[in-house]
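Q: Dropping a structure here in structure tokens format, bear with me for questions.
Numbering (our numbering), first residue to last: 809 to 865.
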């Protein structure tokens, strides 16, 4: 997740917040796997950013 630019992670989060796992699973199981992976990557990137901020302080 460190390779993901923070602004791109925020952009992805803004797009994905319009959906939920139940909704995308109704469309496609493959889509739900991608949705879940994407949300996990965004969350991990946010956690890493917060850790980096704590180290700098």
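We put the beta carbon where it would ideally sit given N, CA and C, even for glycine.
1) How should residue 842 be labelled, buried or exposed, when 16 other C-beta atoms within 10 angstroms of its C-beta is the threshold for buried?
2) Can you check which of these residues, 850, 865, 857 and 844, is closest to residue 819 by C-alpha distance?
3) Helix, strand or coil for residue 862, going by three-state DSSP, please let me know.
4) Near residue 857, which residues of its chain fall below 7 Å by C-beta distance, leaving aside the five closest residues on each side in sequence?
5) Would you identify the three-state DSSP class for residue 825, choosing helix, strand or coil?
6) When DSSP labels each residue in this structure, what does residue 836 get in the three-state scheme?
A: Straight from the coordinates:
1) Sequence index remark: in the chain shown, residue 842 carries index 34 (1-based). So residue 842 ends up on the exposed side.
2) Here the question's residue 819 lines up with position 11 in the chain shown. The candidate whose alpha carbon is nearest that of residue 819 is 850.
3) What you label residue 862 is simply residue 54 of the chain shown in a count that begins at 1. In the displayed model, residue 862 falls within a helix according to three-state DSSP.
4) Indexing the chain shown from 1 puts residue 857 at position 49. Cβ neighbours of residue 857 beyond the five flanking positions: 814.
5) The residue you call residue 825 lines up with position 17 of the chain shown. Three-state result, residue 825: coil.
6) Start at 1 with the first residue of the chain shown, and residue 836 comes out as number 28. Assignment of residue 836 by DSSP, reduced to helix, strand and coil, places it in the coil class.
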